[in-house]
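A.B. asks:
Written as structure tokens, this is what we have:
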């Protein structure tokens with residue numbers, strides 16, 4: 246699955262609007278994305294315009310905080326270097 250930057254997605258959506266919703270023309274000009282991805286990006290863009298809140302699609306989130314990661318590594322190193330034991334304790 247290809248990842249596209251926010252700027253690439255924005256460029257594709259701008260062309261989609263310019264070409265009056267013709268996904269084939271956008272894909273022909275840019276060489277990306279798929280029709281489904283373009284429609285999804287356009288929906289996100291419309292939501293952003295309506296609500297003023299930008300989409301978080303495609304952005305990574307931290308599953309664990311730095312403190313949690315450090316605590317897990319410290320536990321692993323000080324309690325026998327067993328991943329299963331560390332996972333049970335965390």
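Residue numbers (this note's numbering): 246 to 335.
Just so it is clear, CB atoms sit at the ideal spot from N, CA and C, and this is done for glycine as well.
Because the structure is a prediction, the values reported are computed rather than measured.
Using the C-alpha atoms, what's the distance from residue 309 back to residue 320?
C.D. replies: If you number the chain shown from 1, residue 320 lands on position 75. If you number the chain shown from 1, residue 309 lands on position 64. Looking at the two C-alpha atoms, the distance is approximately 15 Å.
A.B. asks: Tell me the rounded alpha-carbon separation between residue 256 and residue 250.
C.D. replies: Residue mapping note: residue 256 aligns to position 11 of the chain shown, counting from 1. Residue mapping note: residue 250 aligns to position 5 of the chain shown, counting from 1. In a straight line, the C-alpha of residue 256 is about 10 Å away from that of residue 250.
A.B. asks: Just to confirm, are residue 279 and residue 290 a CB contact at a threshold of 9 Å?
C.D. replies: Here residue 279 refers to the residue found at position 34 of the chain shown. Here residue 290 refers to the residue found at position 45 of the chain shown. In this structure, residue 290 does not lie closer than 9 Å to residue 279 by Cβ.
A.B. asks: List in chain order: all unbroken alpha helix (DSSP H) runs of 4+ residues lying wholly within the segment 248 to 325.
C.D. replies: For the segment 248 to 325, whole alpha helix (DSSP H) runs of length 4 or above, ordered along the chain, are 251 to 263, 268 to 275, 280 to 296 and 311 to 323.
A.B. asks: Just reading off the alpha helix (DSSP H) that residue 332 is part of, what are its end residues?
C.D. replies: Within the chain shown, numbered from 1, the residue matching residue 332 stands at position 87. 328 to 334 is the extent of the alpha helix (DSSP H) around residue 332.
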